[in-house]
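S.K.: The following block contains the structure, expressed as structure tokens.
There are 2 protein chains.
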Amino acid sequence: MSRGKLFLYPVFRMQYLYVFMFYAITVTQFTKMLQNLSKILAKAAVEAENRKVDFSVYLNSRLAPDQFNLIRQIQIACDTAKMCAVRLTGKEAPVHEDTEKTLGELQERIQKVVTFLAGFKEDDYKDSATIKVSQPRWEGKYLTGTEFAIQHAIPNMYFHIATAYSILRHNGITIGKKDYLGEMPYKT
Amino acid sequence: MSRGKLFLYPVFRMQYLYVFMFYAITVTQFTKMLQNLSKILAKAAVEAENRKVDFSVYLNSRLAPDQFNLIRQIQIACDTAKMCAVRLTGKEAPVHEDTEKTLGELQERIQKVVTFLAGFKEDDYKDSATIKVSQPRWEGKYLTGTEFAIQHAIPNMYFHIATAYSILRHNGITIGKKDYLGEMPYKT
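Respectively, the protein sequence lines represent chains G and W.
Residues 4 to 191 (our numbering) are what the first sequence spells out, left to right.
Residues 4 to 191 (our numbering) are what the second sequence spells out, left to right.
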């Protein structure tokens, strides 16, 4: 939101301004990152075909024997974006089984999350700063929405996108930082 | 900032609430990530010593021949944090030459940025949403502070920390996601 808009903002809604940043960073920007990931995968698929390498070789690659492969990195990036929205707003999460084996299925999974995120609005985030966020493995402990978004969801999301990128990069796919970041809204 | 605090916040400062999120995400949280990186490097150094591998082998490793090595990933993570603070607040950046060759020098570089970030206050960020951010290679084009923080600085910062982590992980250092994320302020 620009400062011009801020100036005209009704005072009674001012307290929500802080949390609207979560919408911008975890809905709008996560959507962009998922779309960047989708384009990176499409680019990698073309290169794989030119080299006559079955794309499943890339999908099953990993950077260390005890690290998740590319398929799982993509699935976790999808779940991180989906569950961040669900946990910060208290909404229900659609179930996405981790059954994808092909690029087509993974692209579909990404698209499902992009569509899911498109259903959220800034106002859904009005209680997100203080909502209690927990996960089964936290054994009853919780983080506030602010702590969860900043210290957990955001670093996790970029971790899995960057790792997916690195797996492809390590296997010789010619992608660069620009593919990871996506288009910038430069102005003159 | 908690909603309790928000409620008592003077109305004339309300317009700044939105941008204070940038302080939380790019000063407080980037500081945490730099400290996590520092601990990961210290842990890796102990493992390298146990295996009788010169740590410079890790520092000069990379995931692809045309990708930056670990030294450069650490330097860029440091610069991303430093320049984000400088660009969002209009302050001057201290010069840090990219001359580090040893772990000790790199730990010192990280510490310098942590100390530099500690000098910033929330109020320094009051114009950060709309400040014009540019870089020499953007050839006169600019991004607003909001666009720069969300679409450029944050994804870049996590990219370089995750890549540094991946280089070590790929070389067999036994680190995990918890080392990357750091401590969580869980509550019961």
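Note that CB positions come from ideal geometry on N, CA and C, so glycine has one too.
Can you check whether the C-beta of I79 of chain G is within less than 7 Å of a C-beta belonging to chain W?
M.R.: No, no contact with chain W.
S.K.: Is V116 of chain G near A84 of chain G, with beta carbons less than 7 Å apart?
M.R.: Yes.
S.K.: Compute the Euclidean distance between the alpha carbons of F151 of chain W and T191 of chain W, then round it to the nearest angstrom.
M.R.: Roughly 36 Å separates the two Cα atoms.
S.K.: For a cutoff of 7 Å on Cβ pairs, would you count M86 of chain W as touching chain G?
M.R.: Output row for M86 of chain W: interface = no.
S.K.: From E95 of chain W to G122 of chain W, what distance separates their C-alpha atoms?
M.R.: Rounded to the nearest angstrom, the two C-alpha atoms are 12 Å apart.
S.K.: What residues are listed by DSSP as bridge partners for L146 of chain W?
M.R.: Note: L146 of chain W sits in a beta bridge opposite W:V136.
S.K.: Which same chain residues, not among the five before or five after V22 of chain G, have their C-beta less than 6 Å away from its C-beta?
M.R.: Only Y128, S131, A132 meet the Cβ criterion.
S.K.: Along chain W, which residues have their Cβ under 7 Å away from the Cβ of R172 of chain G?
M.R.: Ordered by position in chain W, the residues that pass the 7 Å Cβ test against R172 of chain G are L66, A67, Q70.
S.K.: Compute the Euclidean distance between the alpha carbons of I77 of chain W and Q32 of chain G, then round it to the nearest angstrom.
M.R.: One C-alpha to the other measures close to 24 Å.
S.K.: Here's a check: name, in chain order, each residue in its chain whose Cβ is nearer than 6 Å to the Cβ of N159 of chain G, leaving out the five neighbours to either side.
M.R.: Contacts found: T83.
S.K.: Does Y26 of chain W have its Cβ less than 7 Å from a Cβ in chain G?
M.R.: Answer no: the Cβ-Cβ gap between Y26 of chain W and chain G never drops below 7 Å.
S.K.: Between G:M86, G:I28, G:N39, G:G107, which lies nearest to L62 of chain G when the distance is taken from Cα to Cα?
M.R.: Selected option, being the one with the closest Cα: G:G107.
S.K.: Per DSSP, what kind of secondary structure is K94 of chain W in: helix, strand or coil?
M.R.: Note: K94 of chain W maps to coil in three-state DSSP.
S.K.: Can you name the residues of chain W whose CB is closer than 7 Å to the CB of Y161 of chain G?
M.R.: Residues of chain W passing the Cβ test: P158, Y161, F162, A165.
S.K.: Would M24 of chain W pass as a contact of M24 of chain G if the rule is Cβ separation under 7 Å?
M.R.: It is a contact, given that the beta carbons lie within the stated cut-off.
S.K.: Counting only beta-carbon separations shorter than 7 Å, does N139 of chain W have a partner in chain G?
M.R.: For the sequence presented, residue 139 of chain W should be read as Pro rather than Asn. So, not an interface residue.
S.K.: Got a sec, what are the start and stop residues for the alpha helix (DSSP H) S41 of chain W sits in?
M.R.: Where S41 of chain W is concerned, the enclosing alpha helix (DSSP H) stretches over 32-53.
S.K.: Report, in whole angstroms, the separation of the C-beta atoms of L120 of chain W and A88 of chain W, which I expect to be a contact under 8 Å.
M.R.: Right, their Cβ atoms sit about 6 Å apart.
S.K.: Buried or exposed for Q154 of chain W, going by 16 or more other Cβ atoms inside 10 Å?
M.R.: Under this definition Q154 of chain W is a buried residue.
S.K.: Can you pull the chain W neighbours of K144 of chain G, defined as C-beta to C-beta under 8 Å?
M.R.: The contacting residues are Y189, K190, T191.
S.K.: Of all the options W:Y189, W:K35, W:N174, W:K180, which has the alpha carbon lying nearest to the alpha carbon of S59 of chain W?
M.R.: Comparing Cα positions, the closest option is W:N174.
S.K.: Which bits of chain G does S169 of chain W rub up against, with CB to CB less than 8 Å?
M.R.: Those are L66, A165, T166, S169, listed as they occur along chain G.
S.K.: L62 of chain W CB to nearest chain A CB: under 7 Å?
M.R.: Among the protein chains of the structure shown, namely G and W, there is no chain A.
S.K.: Counting only the same chain and skipping the five closest in sequence on each side, list residues whose C-beta sits under 8 Å from that of H163 of chain G.
M.R.: Same-chain partners within the cutoff: Q76, I77, I79, A80, T83.
S.K.: Can you tell me whether DSSP reads K190 of chain W as helix, strand or coil?
M.R.: In this structure, K190 of chain W counts as strand in the three-state DSSP scheme.
S.K.: Thinking C-beta only, is Y189 of chain G closer than 7 Å to K42 of chain W?
M.R.: Against a cut-off of 7 Å, the Cβ pair of Y189 of chain G and K42 of chain W comes out as no contact.
S.K.: Can you give me the C-alpha to C-alpha distance between P97 of chain W and Q114 of chain W, rounded to a whole angstrom?
M.R.: Near 13 Å, if we compare the C-alpha coordinates of Q114 of chain W and P97 of chain W.
S.K.: Can you tell me where the alpha helix (DSSP H) with G107 of chain G in it begins and where it stops?
M.R.: Unbroken alpha helix (DSSP H) run through G107 of chain G: 106-121.
S.K.: What residues of chain G sit near H155 of chain W, judged by a beta carbon separation below 9 Å?
M.R.: Correct list: L184, M187.
S.K.: Which chain G residues are close to Q32 of chain W, counting only those with a beta carbon under 7 Å from its beta carbon?
M.R.: Neighbours of Q32 of chain W on chain G, chain order: I153, Q154.
S.K.: Between the segment 36-53 of chain W and chain G, which residues of the former have CB atoms less than 8 Å from a CB of the latter, in chain order?
M.R.: Listed by position, the residues of the segment 36-53 of chain W near chain G (Cβ gap below 8 Å) are M36.
S.K.: Can you name, in chain order, every residue of its own chain whose Cβ lies under 6 Å from the Cβ of E50 of chain W, other than the five neighbours on each side?
M.R.: For E50 of chain W, where only same-chain residues beyond five positions count, the Cβ hits under 6 Å are I176.
S.K.: Check whether the Cβ of E125 of chain W lies closer than 7 Å to any Cβ atom in chain G.
M.R.: Output row for E125 of chain W: interface = no.
S.K.: So D148 of chain G and I134 of chain G are supposed to be a Cβ contact under 8 Å. How far apart are they, rounded?
M.R.: The displayed chain sequence assigns Gly, not Asp, to residue 148 of chain G. That pair is a contact at about 4 Å.
S.K.: Interface residues of chain W around E108 of chain G at Cβ under 9 Å?
M.R.: Correct list: empty, because the minimum Cβ distance to chain W is about 25 Å.
S.K.: What separation, rounded to the nearest whole angstrom, lies between the Cα atoms of K138 of chain G and A167 of chain W?
M.R.: In the sequence as displayed, the identity of residue 138 of chain G is Gln instead of Lys. Near 28 Å, if we compare the C-alpha coordinates of A167 of chain W and Q138 of chain G.
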